[in-house]
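Student: According to my numbering, the sequence shown holds residues 16 to 136 in order.
Input: one structure, supplied below.
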Amino acid sequence: MTYDNNNIFAKILRGEIPCEKIYEDEYVLSFHDITPRKKIHVLVIPKGKYINLDDFNQKASNDEIVGLSKGISIVAKKLGISSEKGKGYRTLSNISEHGGQEVPHLHFHLFGGEKVGKMVE
Ligand code: 5GP
16 MTYDNNNIFA KILRGEIPCE KIYEDEYVLS FHDITPRKKI HVLVIPKGKY INLDDFNQKA
76 SNDEIVGLSK GISIVAKKLG ISSEKGKGYR TLSNISEHGG QEVPHLHFHL FGGEKVGKMV
136 E
């Protein structure tokens, strides 16, 4: 599978579609999910063109991998839901068909602000 340059998150990264930005640095962009499933539901995406976590771990540099991992914690802290500043949260990445991935640009969901509930339906 090749990366689709016209996926919605690629358009957000290029500034062609607006987003409610929470945080941005050299490696990641974070913004609110357009259809929040919990009180807090945000997305953290790498700036590079990666389809999913497998693609990312195969092709990304170590700096990008560290940047994404740390980016998640930075965002959680900023939102007051981190384990040190708040009551915690759930992070989730859907991968390909059986994972239920809809947007083919790697993204981590962060759910929080309330008890997230059952792990899998
Ligand atoms: P997936 O099912 O691929 O793991 O999740 C994709 C997520 O992207 C969904 O939660 C969906 O609500 C969100 N989403 C889809 N289109 C947009 C958009 O244009 N803007 C934002 N902020 N989120 C979107």
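By construction, the Cβ of each residue, glycine as well, lies at the ideal position given by its N, Cα and C atoms.
Can you find the residues in the same chain that come closer than 7 Å, C-beta to C-beta, to I110, ignoring five residues on each side of it along the sequence?
Tutor: N67, L68, D69, Q116
Student: Once DSSP output is grouped into helix, strand and coil, what is the label at K64?
Tutor: coil
Student: Along the beta strand (DSSP E) that carries S45, what are the first and last residues, could you check?
Tutor: 43–47
Student: With DSSP as the reference, identify every bridge partner of R105, one or two as the case may be.
Tutor: Beta-bridge pairing by DSSP links R105 to F126.
Student: If you draw a straight line from the alpha carbon of I87 to that of I37, how long is it in whole angstroms?
Tutor: I87 and I37 have their alpha carbons spaced roughly 11 Å apart.
Student: With DSSP as the reference, please indicate the residues paired to I96 in a beta bridge.
Tutor: Bridge partners of I96: none, in fact.
Student: Quick one: is the Cβ of E136 within less than 7 Å of any heavy atom of the ligand 5GP?
Tutor: no
Student: State yes or no: is the C-beta of L58 nearer than 7 Å to some heavy atom of the ligand 5GP?
Tutor: yes
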